[in-house]
Amino acid sequence: MRATRAIIHLDHFKGNILSISSKLPKGTRLCIPVKADAYGHGAIQCAVAAIQAGARYLAVASVQEGIELRIAGIVAPVLLFSLPLPEEIDEIIEHKLTPLVTDIPFARLLAERVRAHGTKLAVHIKIDTGMGRIGCRPEDSVPLALALHKESVLILEGCATHLSVADSVTDEDVAWTHMQIARFREAIGSLRSAGIDPGLCHAANSGAIVRHPDASFDMVRPGLLAYGYEPIPGHPDSPRVRAVMELETHIVSIKSIKKGEPVSYGRAWTAPRDTRIATLPVGYADGLPRALSGRFSVSIGGKAWPQVGRICMDQCMVDIGPETDGPERWDKAVVFGPEPALVSARQLADAMGTIPYEICCGIHKRVPRIYRQGNDDGE
Ligand SMILES: *Cc1c(COP(=O)(O)O)cnc(C)c1O
Numbered sequence: 079m080r081a082t083r084a085i086i087h088l089d090h091f092k093g094n095i096l097s098i099s100s101k102l103p104k105g106t107r108l109c110i111p112v113k114a115d116a117y118g119h120g121a122i123q124c125a126v127a128a129i130q131a132g133a134r135y136l137a138v139a140s141v142q143e144g145i146e147l148r149i150a151g152i153v154a155p156v157l158l159f160s161l162p163l164p165e166e167i168d169e170i171i172e173h174k175l176t177p178l179v180t181d182i183p184f185a186r187l188l189a190e191r192v193r194a195h196g197t198k199l200a201v202h203i204k205i206d207t208g209m210g211r212i213g214c215r216p217e218d219s220v221p222l223a224l225a226l227h228k229e230s231v232l233i234l235e236g237c238a239t240h241l242s243v244a245d246s247v248t249d250e251d252v253a254w255t256h257m258q259i260a261r262f263r264e265a266i267g268s269l270r271s272a273g274i275d276p277g278l279c280h281a282a283n284s285g286a287i288v289r290h291p292d293a294s295f296d297m298v299r300p301g302l303l304a305y306g307y308e309p310i311p312g313h314p315d316s317p318r319v320r321a322v323m324e325l326e327t328h329i330v331s332i333k334s335i336k337k338g339e340p341v342s343y344g345r346a347w348t349a350p351r352d353t354r355i356a357t358l359p360v361g362y363a364d365g366l367p368r369a370l371s372g373r374f375s376v377s378i379g380g381k382a383w384p385q386v387g388r389i390c391m392d393q394c395m396v397d398i399g400p401e402t403d404g405p406e407r408w409d410k411a412v413v414f415g416p417e418p419a420l421v422s423a424r425q426l427a428d429a430m431g432t433i434p435y436e437i438c439c440g441i442h443k444r445v446p447r448i449y450r451q452g453n454d455d456g457e
């Protein structure tokens, strides 16, 4: 197998889900997002593990992602977070995915196709309380629910909103989230007053689970936390989680170079002293962003060694120092991962001004995923 691989610690993933559950009010359901190939971790394996750990719902972004879960034999409800094109509606129905509905014209389009299939379909209403992405205005939720009711083939199973700054601790952002939660409560209240059962209400992403426990409602939708990253690093109320993904590779070459000799494209780095350069077969085409060139270290044998020179498409170089008792050819090198790795995806993200989501989602398909269930299943 290729030297570069992503180890997916499913035991951490399940442990994280249990840790999140233990912080929630009893009876709160869990919807685990497995969109974007489960944030790069592998949708099918993570979906199965999430259900084993007690998740009742899964969520995807695209219809295609939902179909892949169904083909793999997953029967749990699958929420569709993004809106489809009209031509995707038949597949939603065939594969019993649960779409979000945001407007009456779409509800009618959906109902027409559901009727043609001679079946019924559960849907959730999406209410935009301040994210500014998809969803009806809060005051339009009653007319929308009434329209669904009229289309007797659509079953209102839940109501959702999404929070835009739940992971921020600034006063303005906390106030914004309180306002979003209040608007959502109000919309649910007006549905009830109109004699409509709103079903399962859900709003909380990872940030809200940590910072806004009053946003738990009937179900929460933690992605980042489940994959092992704290949305607000070091927050005292955060469930304890461990990173699920570990990106490892192996040294495939070591060479000695002299002071002043350049390494990699652009000759952007030259050796400040005589040293040894280890080459790792991992590059930006694997999802190691080129913007990280020279900005991070790699763990080899429990020690951090600086990456030097530009990251290439398929390879990058590490300065392993002049001593000959350092790393050796074929040694394992961990780019990021849970402890004991010395570098986390969060640190890589910080080093280039992005978020850990983007690091994990960016690990390319050509990097094989190796699934680990625990300590006892070996290599
Ligand atoms: C991706 C997503 C989530 C999960 O967000 P995290 O920040 O990863 O917890 C929840 N809800 C919706 C609608 C999403 O798109």
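Just so you know, we're using the working numbering here: the sequence shown kicks off at 79 and counts up by one.
For glycine and all other residues, C-beta sits at the position ideal for the given N, C-alpha and C.
Asked, Found
"Kindly list the residues whose CB is nearer than 7 Å to the CB of D397, restricted to its own chain and excluding five residues on each side of it in sequence; keep chain order.", "T353, I355, W383, P384, V386"
"In angstroms, rounded to a whole number, what distance separates the CA positions of N283 and V298?", "6 Å"
"Sorry if obvious, but does the Cβ on G285 come closer than 7 Å to a heavy atom of ligand 1?", "yes"
"Quick check on the burial criterion: 16 or more other C-beta atoms within 10 angstroms. Buried or exposed for D315?", "exposed"
"Mind pulling the beta strand (DSSP E) runs of 3 or more residues that sit fully within the stretch 346 to 370?", "353 to 358"
"Which word fits D292, buried or exposed, when buried means at least 16 other C-beta atoms lie within 10 angstroms of its C-beta?", "exposed"
"Looking only at its chain, what residues have a beta carbon closer than 7 Å to the beta carbon of G344, apart from the 5 residues adjacent to it on each side?", "R388"
"Determine, using beta carbons only, whether A321 and S422 come nearer to each other than 8 Å.", "yes"
"Work out the CA separation of R407 and E457 for me, nearest whole Å.", "Summary for E457: the model assigns pLDDT 40, below 50, so the residue's position carries little reliability; its value from the coordinates is reported in the next sentence. Answer to the nearest angstrom: the Cα atoms are 19 Å apart."
"Is L161 near ligand 3 - that is, is its Cβ less than 7 Å away from at least one heavy atom of it?", "Here the bound small molecules are ligand 1; ligand 3 is not part of this structure."
"For H256, is the classification buried or exposed, using 16 other Cβ atoms within 10 angstroms of its Cβ as the cut-off for buried?", "exposed"
"Using 7 Å as the cut-off, classify the Cβ of H290 as near or not near the heavy atoms of ligand 1, replying yes or no.", "no"
"Taking 8 Å as the cut-off, decide whether the C-beta atoms of A121 and L158 are in contact.", "no"
"So what's P446 in DSSP terms, helix, strand or just coil?", "coil"
"Closer than 8 Å is the cut-off here; do at least three beta carbon pairs connect the stretch 295 to 313 with the stretch 97 to 114?", "yes"
"For the stretch 393 to 449, list the alpha helix (DSSP H) runs that are entirely contained and at least 4 residues long, ordered along the chain.", "423 to 430, 434 to 439"
"Where DSSP assigns a beta bridge to K204, which residues make up the other side?", "A238"
"Taking C-alpha atoms, which residue in P350, S331, T432, P309 lies nearest to L366?", "T432"
"Run the CB neighbour count on P350, radius 10 Å, all protein chains shown included, and call it buried at 16 or more, exposed below.", "exposed"
"Measure the C-alpha to C-alpha separation of G372 and P416 and round it to an integer number of angstroms.", "22 Å"
"In the structure shown, what three-state DSSP assignment does A121 receive?", "helix"
"In whole angstroms, what is the alpha-carbon distance linking S140 and I152?", "16 Å"
"For the alpha helix (DSSP H) that contains R191, what are its first and last residues?", "182 to 194"
"With DSSP as the reference, label I329 as helix, strand or coil.", "coil"
"Considering Cα atoms alone, identify which of Y449, D403, R318 is closest to G93.", "R318"
"What I want to know is whether the C-beta of R107 ends up closer than 7 Å to one or more non-hydrogen atoms of ligand 1.", "no"
"Please report how far the alpha carbon of C438 lies from the alpha carbon of L102, in whole angstroms.", "26 Å"
"On the CB-based measure, 16 or more other CB atoms within 10 Å of its CB, does D206 come out buried or exposed?", "buried"
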